[in-house]
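The structure appears below as structure tokens.
There are 2 protein chains.
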Amino acid sequence: MVKKDLVHLKKRESQIGKEINQRKVMINKKMILVNRPIGIPDESTWNLEEENIPELTHGQILIKQKYISLDPAMRGWMNNTKSYIPPVEIGAVMRAGTVGEVIQVNNNNNFKIGDLVSGWGGVQEYTLTNGEKYKTINDRNSPIYRYLGALGMPGMTAYFGIINEGKIKNGDVVLVSAAAGAVGSLVGQIAKIKGCKVIGIAGGKEKCLYVKNELGFDEVIDYKNDNIYSALKKYCPDGIDVYFDNVGGEMLDAALAKLRMHARIVICGAISQYNNKSKIKGPSNYLSLLVNRATMKGMVVFDYQKDYLNAENQIREWFDKGLLKSNESIFEGIENFHEIFLKLFNGNKRGKLILKL
Amino acid sequence: MVKKDLVHLKKRESQIGKEINQRKVMINKKMILVNRPIGIPDESTWNLEEENIPELTHGQILIKQKYISLDPAMRGWMNNTKSYIPPVEIGAVMRAGTVGEVIQVNNNNNFKIGDLVSGWGGVQEYTLTNGEKYKTINDRNSPIYRYLGALGMPGMTAYFGIINEGKIKNGDVVLVSAAAGAVGSLVGQIAKIKGCKVIGIAGGKEKCLYVKNELGFDEVIDYKNDNIYSALKKYCPDGIDVYFDNVGGEMLDAALAKLRMHARIVICGAISQYNNKSKIKGPSNYLSLLVNRATMKGMVVFDYQKDYLNAENQIREWFDKGLLKSNESIFEGIENFHEIFLKLFNGNKRGKLILKL
């Protein structure tokens, strides 16, 4: 074949591609933040909009999202306040972690069609991006949605939170709130692997049984039915070395009242306070920090980015050895996003909450 | 002289000593804790009692106290709650730091008559002790009462609090509450010596002028007349690296709202809350710890005991070089203890509050 023919053929191929793209206009459904909620988000908070997906420009990839991560932190991103990350803008797609499959590539050597990728794809069916900050998942053994849970942000948060911030060591007494949740369930299991005595706090009998019997925590406190103070007296008579807090409010106060000398409190979240319409409840017992020379430290998982891979490998190894379990509550349909999102706060889920597309 | 005579003489000498002691019965006036106060202590909290000082037994010394230290922490020691130190028992002499002079010694090689000693002598005129935990003061250049202030507990607290706990470094922005007080005034001056920008918080125009003009703080906020939030915005537009808190309450919240990344809050006390009848006000803005990856840590100066001497030498050197100033509010008479003690809380004093006997 002569060179002229080759050039001609390439040109023709490209034209056909364009024609195909033009004929098959793809539609994206995306969840737009339209109102900043006060308190619990209601139906007027988001709006599901449709758009035609434009043609990919040079360097772009198109991801068809498979799973969307629903996290308590998302509630915080909706407030127009200074935080560790800018708020989601009004009119923008709701920010969320995603895993999906690359289905189109226009001159981007980092990705190929069929790649599974995780990233901040947002609450939408398709994400058009230059691929920056997206990570290819090569692991074909783990279920892909685990990259939103134990092998994703919640896993990283639990790992660095309890090891690097909580500085756990063999024999420590560790208290974990939201123990049946995405992060808490992993925090407790990792602390067990590291030789700690682990007490969880969860809401309701069913969750508590799960935490103790399936996840293997030493003890569990049902905050809906037990008195936390007397339960702590019973389960940690000599006090707590580490409290990993996802909840804030009353539980943080109860933990403060039971600190051991040089205890560490890791402030990872405060789900009990996220939908507060009034001022957040500060921990009345904070002077226990003084009495016990204890530390209360805030953490944001993004700070550990450069070490994610090590943690991921370690967590995968623990899964392979049967030392770690995870649980996902998966619900389907972007149309149901609002209702599913609220499960983060009303307790109607276990482990990692995921929206399947 | 034969041995027999020697024995006889020694015996006679001891008898004469006893007779002298018996003839001159010494009276001690001591302030007894008789009721645990709720809120601000009132007249019924203490009772001034008299007792005959008994004869010294083997190994004992008798100290005539010269100055008694009055500290906000004393309020905490009166509550029957778990703390870093056991509460003062009902019926016991009120605990307090003291400096005084050894006036009698019975077979104790560690002390001799005329020694100046500091220790926990309590609110009383004389202290009978085996001398354990008492320290001889050999320094004849500093006023002795400074060993209750800049060269005593407040000095140690300020030194280790801002250096070891606050981890200040050159260029840090440091905020200090109770800046005209015994500890706060030293914290700010030490931070200045270490190259920090220092902002103080004090109550009233007079104290504020003192903090800025005499102690050399960069800026001062008058919490009685200024809006703390807007003053902080003005004086530390880029936020605070270290907040040294002696106050708690509203000021702790304001500081939390202005933290820089990786800021440190040293919890040394909470004078605004010590006389609270209801629950202590917890810091509503504590989630700023998370946003800013900041640390809030409690400190108790006793933990640094083994390093006191180094700090003392350093502080003395700073005094000698004119880099450090101290101020003492000295009031006289154990009969006036109650009224003088309340000056800790009503703001009617400056620097270290001392009771002179």
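Sequences listed follow chains U and H, in order. Under the numbering used here, the first residue of the first sequence is numbered 100, with each subsequent residue one higher. Under the numbering used here, the first residue of the second sequence is numbered 100, with each subsequent residue one higher. From the three backbone atoms N, C-alpha and C, an ideal C-beta is built for every residue, glycine too. Just so it is clear, the structure is predicted and the values come from calculations on it, not from any experiment.
Using the Cα positions of residue i and residue j, report the straight-line distance between them to the nearest angstrom.
i: H:Val-204; j: H:Ile-160; result: 4 Å
i: U:Phe-436; j: U:Glu-427; result: 16 Å
i: U:Ala-172; j: U:Leu-132; result: 15 Å
i: U:Asn-384; j: H:Trp-176; result: 17 Å
i: H:Arg-466; j: U:Leu-408; result: Limits of chain H in this structure are 100 at one end and 456 at the other, which puts residue 466 of chain H out of reach.
i: U:Arg-122; j: U:Asp-406; result: Any reading at U:Arg-122 needs caution, since the residue's pLDDT is 48, under 50, leaving its predicted position unreliable; the model's value is listed next. Roughly 45 Å between the two C-alpha positions.
i: H:Gly-446; j: H:Leu-247; result: 19 Å
i: U:Lys-451; j: H:Asp-321; result: 49 Å
i: U:Leu-269; j: U:Ser-371; result: It is worth fixing the name first, because residue 269 of chain U is Asn in this sequence and not Leu. In a straight line, the C-alpha of U:Asn-269 is about 30 Å away from that of U:Ser-371.
i: U:Leu-323; j: H:Cys-367; result: In the sequence as displayed, the identity of residue 323 of chain U is Lys instead of Leu. Roughly 35 Å separates the two Cα atoms.
i: H:Asn-134; j: H:Arg-194; result: 14 Å
i: H:Lys-424; j: H:Val-282; result: 12 Å
i: H:Asp-337; j: H:Gly-432; result: 48 Å
i: U:Met-255; j: U:Ala-410; result: 7 Å
i: H:Met-395; j: H:Glu-154; result: 50 Å
i: U:Phe-444; j: U:Lys-380; result: 17 Å
i: U:Glu-318; j: H:Asn-179; result: 31 Å
i: H:Phe-210; j: U:Arg-359; result: 38 Å
i: U:Pro-382; j: H:Leu-441; result: 28 Å
i: U:Ala-191; j: U:Asn-207; result: 25 Å
i: U:Ala-356; j: U:Met-350; result: 10 Å
i: U:Asn-240; j: U:Arg-415; result: 10 Å
i: U:Lys-129; j: U:Tyr-258; result: 32 Å
i: U:Glu-150; j: U:Gly-158; result: 21 Å
i: U:Thr-226; j: U:Ile-429; result: 21 Å
i: U:Leu-454; j: U:Pro-140; result: 17 Å
i: H:Glu-224; j: H:Tyr-334; result: 46 Å
i: H:Ser-329; j: H:Ala-354; result: 11 Å
Please confirm whether residue i has its beta-carbon closer than 7 Å to some beta-carbon of chain U.
i: H:Gly-230; result: no
i: H:Pro-382; result: yes
i: H:Lys-442; result: no
i: H:Leu-389; result: yes
i: H:Arg-122; result: At H:Arg-122 the pLDDT is 48, less than 50, meaning the model places this residue with poor confidence and gives no usable figure here.
i: H:Phe-436; result: no
Interface residues of chain U around residue i at Cβ under 9 Å?
i: H:Arg-392; result: Tyr-183, Lys-396, Gly-397, Met-398, Val-399, Asp-402
Let me see if you follow: with CB-CB separation under 7 Å, is residue i close to chain H or not?
i: U:Tyr-385; result: yes
i: U:Gly-450; result: no
i: U:Leu-456; result: no
Does the distance between the C-beta of residue i and the nearest non-hydrogen atom of the ligand HEM fall short of 6 Å?
i: U:Asn-391; result: Of the ligands one can find in the structure shown there are none, so the ligand HEM has no counterpart to examine.
Problem set entry | Selection of the region 358-383 of chain H by Cβ proximity to chain U, strictly under 8 Å | Ile-366, Cys-367, Gly-368, Ala-369, Gln-372, Lys-378, Ile-379, Lys-380, Gly-381, Pro-382, Ser-383
For this session: Mind the definition here: the region 160-170 of chain U touches the region 190-209 of chain U only if three or more C-beta pairs lie below 8 Å; say whether that holds.
Result: yes
Problem set entry | Contact between the region 436-449 of chain H and the region 135-146 of chain H (3+ Cβ pairs under 8 Å) | yes
For this session: State whether the region 272-281 of chain U contacts the region 343-355 of chain U, with contact taken as three or more CB pairs (one from each stretch) at a distance under 8 Å.
Result: yes
Problem set entry | Touch test, the region 207-224 of chain U against the region 232-239 of chain U, Cβ-Cβ under 8 Å, three pairs minimum | yes
For this session: Would you check if the region 293-302 of chain U and the region 367-379 of chain U touch, i.e. whether three or more CB-CB distances between them fall below 8 Å?
Result: no
For this session: Could you tell me whether the region 306-325 of chain U touches the region 279-294 of chain U, where touching means 3 or more Cβ pairs closer than 8 Å?
Result: yes
Exercise. Can we say the region 250-265 of chain U touches the region 361-371 of chain U, given the rule of at least three CB pairs closer than 8 Å?
Worked result: yes
Problem set entry | Given 8 Å, three or more beta-carbon pairs between the region 176-188 of chain U and the region 384-403 of chain H | yes
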